Every structure is written in structure tokens, then in C-alpha cells.
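**Q** Structure incoming, see below.
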């Protein structure tokens with residue numbers, strides 16, 4: 011949560027989705043405590059499940075949960091998937107010092123458990139160890 015000018019706050023979409031799950035769970039707990047009719051309990055369980063589904067993958071079950079009209083809330087899977095997701099953006103995009111790129115081809119003189127490497131590439135890759 012970040013405070014903006016004018017006393018407003020900017021929050022993550024996940025906060026809203028978690029808040030919905032917590033509120034549904036608290037409401038279900040209260041309904042169970044007061045002994046509400048089974049049909050109301052069943053409906054509240056369904057709504058809790060929909061809140062959890064929206065948290066994990068918003069929009070997968072049809073209509074996406076949104077705030078202020080047309081802004082679809084980003085779920086956990088939205089944060090992870092795609093080019094701008096956590097994996098590709100932050101985890102897989104790191105540069106490495108010692109790596110090489112080549113084409114895999116069949117080598118008749120190699121056994122099944124062996125891997126051939128061009129001499130020039132091998133010398134460059136293993137320079138710190140030679």
C-alpha cells in the first residue's frame with residue numbers, strides 16, 4: 011500500500027482479492043454460528059469458492075472481478091504468466107557470464123551419454139578453470 015497525494019492510497023489488486031476472500035469467509039463463519047438455513051450456507055460457500063477462484067485466476071469462470079467499472083483485477087496467475095510476469099520478467103531474464111549457444115546435431119563418433127562441444131567454445135567457457 012502506497013500513499014498518494016491528497017490522502018489516497020494505491021493498493022495491489024491482490025489486496026482486494028484477498029480482502030474479498032477474507033470477508034466471505036468471515037460471513038460464512040458468522041452464518042454457521044447463528045445457525046442460518048442450509049440454502050443460505052450453501053450459497054455463501056459457493057460465493058467463497060468464487061472469491062478463491064478469482065484470487066487464483068480472475069476471469070477463468072466467466073465474468074472477471076473488477077473494481078470501478080472496467081478495470082479487471084490482476085490475480086495470482088496474471089502476476090506469474092506472460093512476458094511481463096514474475097518468471098519471465100524477473101527470474102528468467104538474468105544475464106550469465108559463462109554460457110554458449112549452439113545447434114544440437116548428431117555426432118557419429120559420440121556415445122549416447124556424451125555431448126560434443128566446439129573447441130573454441132569449450133576454451134572460452136572453461137577459461138576460468140583451465
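In this note's numbering, the protein residues as written are 11 to 140.
Using N, Cα and C, we set each Cβ at its ideal position, and we do this for glycine too.
If you're wondering where the values come from, they're calculated on a predicted model, not measured in any experiment.
#1: For residue 38, which option in 54, 49, 29 has the closest C-alpha, if you only look at C-alpha atoms?
#2: Ordered along the chain, which non-local residues of its own chain (more than five positions away) have a Cβ less than 8 Å from that of residue 42?
#3: Do you know offhand how far residue 123's Cα is from residue 67's?
#4: I believe residue 35 touches residue 58 by the beta-carbon criterion, under 8 Å. Please report the beta-carbon distance rounded to the nearest angstrom.
#5: Assign residue 27 to one of two classes, buried (16 or more other C-beta atoms within 10 Å of its C-beta) or exposed (fewer than that).
#6: Would you kindly report the start and end of the unbroken alpha helix (DSSP H) that includes residue 42?
#7: State the DSSP-derived secondary structure class of residue 84, mapped to helix, strand or coil.
**A** If we stick to the structure as given:
#1: 54
#2: 51
#3: 42 Å
#4: 6 Å
#5: buried
#6: 23-44
#7: coil
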